[in-house]
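Numbering (this note's numbering), first residue to last: 3 to 102.
As structure tokens, then:
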């Protein structure tokens, strides 16, 4: 696990890999947490700006520690979250307007 220092934004990659490995290339921490914890983008709020700007490369073996443990042990990053309620708008029905 290490910080990625790309010379250009070549995109990012977060995926399980053959043999049960987990591989991340050039991804910001916010996207990594969303992918690993299956959190939709609207549900992960707050945090410092570098959650979106600093990018990481990660390769974890299937028998290694969890991603969150690895972040703390190798990078000194401890993620603390809380669940809370939030208002949402539910659209129950949509119709196209009738043509005149």
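A virtual CB, placed ideally from N, CA and C, is assigned to each residue, including glycine.
Predicted model, so just to flag it, every value in this text is computed and none were measured.
Given a cut-off of 8 Å, decide if residue j and residue i are closer than it, judged by their beta-carbon atoms.
i	j	result
residue 54	residue 27	no
residue 31	residue 56	yes
residue 33	residue 17	no
residue 118	residue 23	The structure shown does not extend to residue 118, since the chain spans only 3 to 102, so no value can be given for it.
Tell me the DSSP secondary structure of residue i in three-state form.
i	result
residue 1	Nothing can be reported for residue 1: it is not among the residues displayed for the chain, which extend from 3 to 102.
Using only the alpha-carbon positions, how far apart do residue i and residue j sit?
i	j	result
residue 81	residue 39	12 Å
residue 25	residue 101	51 Å
residue 20	residue 84	33 Å
residue 68	residue 41	17 Å
residue 70	residue 47	18 Å
Which word fits residue i, buried or exposed, when buried means at least 16 other C-beta atoms lie within 10 angstroms of its C-beta?
i	result
residue 91	exposed
residue 63	exposed
residue 96	exposed
Report task. Pick out the complete alpha helix (DSSP H) segments inside the segment 28-98, 4 residues or longer, and give them in chain order. Result -> Entirely contained in the segment 28-98, the alpha helix (DSSP H) runs reaching 4 residues are, in chain order, 31-39, 52-55, 69-77.
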